[in-house]
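Chemist: According to our numbering, the stretch in the sequence shown is residues 831 to 1285, in order. Don't be surprised by glycine CBs; every beta carbon is placed ideally from N, CA and C.
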Amino acid sequence: PQLVRYGWSDFVECVVSNNDSLPASPFQLRIPVPATSPSSAERHTVERQHHHHQRSPSHESPPTPPMGFNTWNAFHCNVDENEVLSVARAARELGLADLGYEYINIDDCWQSSRDAVSGRIIEDSARFPSKIDWLAGEVHKLGMKFGLYTSKTAITCQDRPASYRFEHIDAQTYCDWDIDYIKIDRCGGAGWPSQNASWIRFKQTLDKCKHKVLTSVEYCREPDTCGQWIAGLADLWRTTNDVQATWASIMSNIHGNDKMAKVAKLGHYNDPDMLQIGNPGLSISEQRSQFSLWAIASAPLLISTEISSLEGEALSILKNKEVIAVDQDPGVDAQSVQGTLVKSTTTHEVWVKRLANGDVAAVLLNIDDNSAFDIVLDWKDDLGLQQNARAHVRDLWQHKDLGEFTGQFTAKAVPPHGVAMFVVSPKDLYWSLYDVVCLFLSFFHDGRCILGSMW
């Protein structure tokens, strides 16, 4: 048998009290393990060398927003090594890993205590009997990356030991375990008085790691305060409260994220939190809208639902290559890394991102609760193009080329809380001084430029 620890706090969505005369939390249940399964000691020692295979020594930030999976919405505290491996294998089998969903990140509840002598964090041995470094190696063998969670305070949001005053030790431990992604939450207990003190300490040690460890921190919500320095300390930063599977939460988070747009830069991204696609609470139209809005905003795309249960329209949304391409596009210049809200009315919004090849991605969002609306995308007012410009329009959800249009395009009957998403490709070439200079650089200085941008 194998011990698995559960606690009533793990079931906050299902129960409000212990009515079954079970032992007080935490309690342990014995579950059978197939006789053919290797022992934890055997699994921990097999092929330990794989931990370091094909690990990059580079400390450069990733050029595109990370994609992957976070355990929280799927499992909350009911997470263990078997669940994590099943998620990684399902991501590979469903083709999600091949589309770029490469990070498998454990959220809260994996840790249990600290070593009294070294101070190193210790994983919950009932849930992770084979140890975290073994689990990281198994995920790496699948060609994927592995992430963990902590908090910059003394305890995590689920009352587990966190990193306050242990930042250097924890960072070195994560490096030794070959962790690729660290989420640093802001929870309870004691903490440093300065907002960035913990993050600085993490960075000092992680910068010495032999492989890149992506850091995601909470929070930075103000472009003119922490926004002035956050990109020097983290790869990602949460800009909003935790996203819920409600339309109000989706809209609150994307609007809060939008005001931080000027802070985003290549390799450093604003994070409006995880995807709710596949979870109860949002209609299919609303799920499609979240995915479109997160993509236009160049947000991290972290699935947080039971991947093995994904099917039908929810899976189709997550596998839309054309929408993913917009999210991963670096933008035409330093000011275009993140798409932004360019028009807001009582019935709809227009979001726009200028792409690296000179095209423009646009999301037309119906914010009305009840009625479908036609939404006009105007070349001049919304996209900054010449009013009489000709442009080719492609629908990213219908996967159809819709033809060439002059001046504007109208999306018909966009459903309530729904979107239409397009890539607009200008056809007329208006040579500017920018184009001439770029052409010179490309010929004589091995530079790159985008001609006929029409901006």
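Is any beta-carbon of chain B found at less than 8 angstroms from that of P1130?
Modeler: Judged by its chain identifiers, the structure shown contains no chain B, having just a single protein chain.
Chemist: CA-CA distance, C1005 and K1033?
Modeler: Locating residue 1005 in the sequence shown gives position 175, counting from the first residue. Locating residue 1033 in the sequence shown gives position 203, counting from the first residue. Each residue's alpha carbon lies about 12 angstroms from the other.
Chemist: Output the boundary residues of the alpha helix (DSSP H) element that contains N903.
Modeler: Numbered from its first residue, the sequence shown carries residue 903 at position 73. Its alpha helix (DSSP H) spans residues W902 to F905.
Chemist: Going by alpha carbons, who is nearest to N1026 out of I1014, G925 and I999?
Modeler: The residue you call residue 1026 lines up with position 196 of the sequence shown. If we check each option's Cα against that of N1026, I1014 comes out closest.
Chemist: Using only the alpha-carbon positions, how far apart do D1199 and E1141 sit?
Modeler: Translated into positions along the sequence shown, residue 1199 becomes position 369. Translated into positions along the sequence shown, residue 1141 becomes position 311. Between D1199 and E1141, the C-alpha separation is close to 26 angstroms.
Chemist: Determine the burial state of E1234: buried for a count of at least 16 other Cβ atoms within 10 Å of its Cβ, exposed for fewer.
Modeler: Mapped onto the sequence shown, residue 1234 falls at position 404. That one is exposed.
Chemist: Straight-line CA distance for L1171 to Q1238?
Modeler: Along the sequence shown, one-based indexing puts residue 1171 at 341. Along the sequence shown, one-based indexing puts residue 1238 at 408. The straight-line gap from Cα to Cα measures roughly 18 angstroms.
Chemist: Please state if the CB of I1205 and the CB of V1244 are separated by a distance shorter than 8 angstroms.
Modeler: Position 414 of the sequence shown, counted from the first residue, corresponds to residue 1244. Position 375 of the sequence shown, counted from the first residue, corresponds to residue 1205. Yes, the pair counts as a contact, with Cβ atoms nearer than the cut-off.
Chemist: Skipping 5 residues on each side, what residues in its chain have a beta carbon closer than 6 angstroms to that of S981?
Modeler: As a first step, residue 981 must be located in the sequence shown, where it is residue number 151. Around S981: A992, D1015 and C1017.
Chemist: Which of the three DSSP states, helix, strand or coil, is assigned to G1057?
Modeler: Here residue 1057 corresponds to residue number 227 of the sequence shown, with the count starting at 1. Three-state result, G1057: helix.
Chemist: With burial defined as no fewer than 16 other Cβ atoms inside 10 Å of the residue's Cβ, what is the status of E923: buried or exposed?
Modeler: What you label residue 923 is simply residue 93 of the sequence shown in a count that begins at 1. E923 is exposed by the Cβ-count criterion.
Chemist: Just reading off the beta strand (DSSP E) that N1100 is part of, what are its end residues?
Modeler: Within the sequence shown, numbered from 1, the residue matching residue 1100 stands at position 270. Where N1100 is concerned, the enclosing beta strand (DSSP E) stretches over Y1099 to D1101.
Chemist: Using 8 angstroms for Cβ pairs, my map puts L1131 next to D1103. What's the rounded Cβ distance?
Modeler: On the sequence shown, position 301 is the one that residue 1131 refers to. On the sequence shown, position 273 is the one that residue 1103 refers to. About 11 angstroms; that fails the 8 angstroms criterion.
Chemist: Look at E997 and R957 and say whether their C-beta atoms are less than 8 angstroms apart.
Modeler: The residue given as residue 997 occupies position 167 in the sequence shown. The residue given as residue 957 occupies position 127 in the sequence shown. No, the Cβ-Cβ distance between E997 and R957 is not below 8 angstroms.
Chemist: Do three or more CB pairs link the stretch 1142–1150 to the stretch 1061–1076 at distances below 8 angstroms?
Modeler: Touching, no.
Chemist: In chain order, what residues of the same chain have a beta carbon less than 7 angstroms from the beta carbon of V1193, not counting five sequence neighbours either side?
Modeler: In the sequence shown, counting from the first residue as 1, residue 1193 sits at position 363. So the list reads S1122, L1123, I1126, W1181, V1249 and M1251, once near-sequence residues are dropped.
Chemist: When you compare each of Y931, D954, G930 and D945 to K939 by their alpha carbons, which one comes out closest?
Modeler: Locating residue 939 in the sequence shown gives position 109, counting from the first residue. Per the sequence shown, residue 939 should be read as Cys rather than Lys. For C939, the nearest C-alpha among the options comes from D954.
Chemist: Starting from D945, trace the beta strand (DSSP E) both ways and give me its first and last residue.
Modeler: Here residue 945 corresponds to residue number 115 of the sequence shown, with the count starting at 1. Looking at the DSSP string, D945 is not in any beta strand (DSSP E), and its letter there is neither H nor E.
Chemist: Take T1177 and list the residues in its own chain whose beta-carbon comes closer than 6 angstroms to its own, dropping the five residues that flank it on each side.
Modeler: Locating residue 1177 in the sequence shown gives position 347, counting from the first residue. Excluding residues within five positions, the ones whose Cβ falls inside 6 angstroms are D1198 and F1203.
Chemist: Drop a sphere of 10 angstroms on the beta-carbon of I1084, count the other beta-carbons inside from all chains shown, and report buried for 16 or more, exposed for fewer.
Modeler: Here residue 1084 is taken as the residue at index 254 of the sequence shown, counted from 1. By the neighbour-count rule (16 or more Cβ atoms within 10 Å), I1084 is buried.
Chemist: Look at the alpha carbon of T983 and the alpha carbon of C907, and state the distance between them as a whole number of angstroms.
Modeler: For this step, residue 983 is matched to residue 153 along the sequence shown. For this step, residue 907 is matched to residue 77 along the sequence shown. Approximately 19 angstroms between the Cα atoms of the pair.
Chemist: Indicate the three-state DSSP secondary structure (helix, strand or coil) for Q1025 in the structure shown.
Modeler: Residue mapping note: residue 1025 aligns to position 195 of the sequence shown, counting from 1. Coil.
Chemist: So, with DSSP's three-state summary, where would you put R950?
Modeler: Sequence index remark: in the sequence shown, residue 950 carries index 120 (1-based). If DSSP states are grouped into helix, strand and coil, R950 belongs with coil.
Chemist: Please return the same chain residues whose Cβ sits closer than 8 angstroms to the Cβ of W1029, not counting the five positions on each side in sequence.
Modeler: The count along the sequence shown starts at 1 and reaches residue 1029 at position 199. Only K982, I1014, T1045, V1047, L1063 and A1064 meet the Cβ criterion.
Chemist: If we ignore side chains and look at the alpha-carbon of each, how far apart do P1246 and S1113 end up?
Modeler: Here residue 1246 corresponds to residue number 416 of the sequence shown, with the count starting at 1. Here residue 1113 corresponds to residue number 283 of the sequence shown, with the count starting at 1. Answer to the nearest angstrom: the Cα atoms are 10 angstroms apart.
Chemist: Under 7 angstroms Cβ to Cβ from A1094, same chain only, skipping five residues before and after it: list those, please.
Modeler: As a working mapping, residue 1094 is identified with position 264 in the sequence shown. N1100, S1128, V1167 and Q1168.
Chemist: From which residue to which residue does the beta strand (DSSP E) around E1179 run?
Modeler: For the purposes of this step, residue 1179 is taken as the residue at position 349 of the sequence shown. Its beta strand (DSSP E) spans residues H1178 to R1184.
Chemist: Does the Cβ-Cβ distance between S1134 and W964 come in under 8 angstroms?
Modeler: By 1-based counting over the sequence shown, the position of residue 1134 is 304. By 1-based counting over the sequence shown, the position of residue 964 is 134. Not in contact: S1134 and W964 (Cβ atoms no closer than 8 angstroms).
Chemist: Just reading off the alpha helix (DSSP H) that R922 is part of, what are its end residues?
Modeler: Translated into positions along the sequence shown, residue 922 becomes position 92. Run containing R922: E911 to E923, per the alpha helix (DSSP H) assignment.
Chemist: Do K1149 and L929 come within 8 angstroms of each other at the CB atom, strictly closer than that value?
Modeler: Position 99 of the sequence shown, counting from 1, holds the residue named residue 929. Position 319 of the sequence shown, counting from 1, holds the residue named residue 1149. It is a contact, given that the beta carbons lie within the stated cut-off.
Chemist: Mind checking which residues open and close the alpha helix (DSSP H) that includes D1159?
Modeler: The residue given as residue 1159 occupies position 329 in the sequence shown. D1159 -> no alpha helix (DSSP H), and no H or E assigned at all.
Chemist: Can you give me the C-alpha to C-alpha distance between S1115 and A1001, rounded to a whole angstrom?
Modeler: Your numbering for residue 1115 matches position 285 in the sequence shown. Your numbering for residue 1001 matches position 171 in the sequence shown. Cα to Cα, the separation comes out at about 41 angstroms.
Chemist: What separation, rounded to the nearest whole angstrom, lies between the Cα atoms of L978 and F905?
Modeler: As a working mapping, residue 978 is identified with position 148 in the sequence shown. As a working mapping, residue 905 is identified with position 75 in the sequence shown. About 15 angstroms.
Chemist: Could you check what DSSP says for T875 in three-state terms: helix, strand or coil?
Modeler: Counting from 1 along the sequence shown, the entry for residue 875 is found at position 45. Any reading at T875 is ruled out, since the residue's pLDDT is 41, under 50, leaving its predicted position unreliable.
Chemist: Going by other Cβ atoms of all chains shown within 10 Å of its Cβ, with 16 needed for buried, is T1076 buried or exposed?
Modeler: One-based indexing of the sequence shown puts residue 1076 at position 246. It counts as exposed.
Chemist: For E1286 and H1041, I'd like the C-alpha separation in whole angstroms.
Modeler: Because the chain is modelled from 831 through 1285, residue 1286 falls outside the range shown and cannot be assessed.
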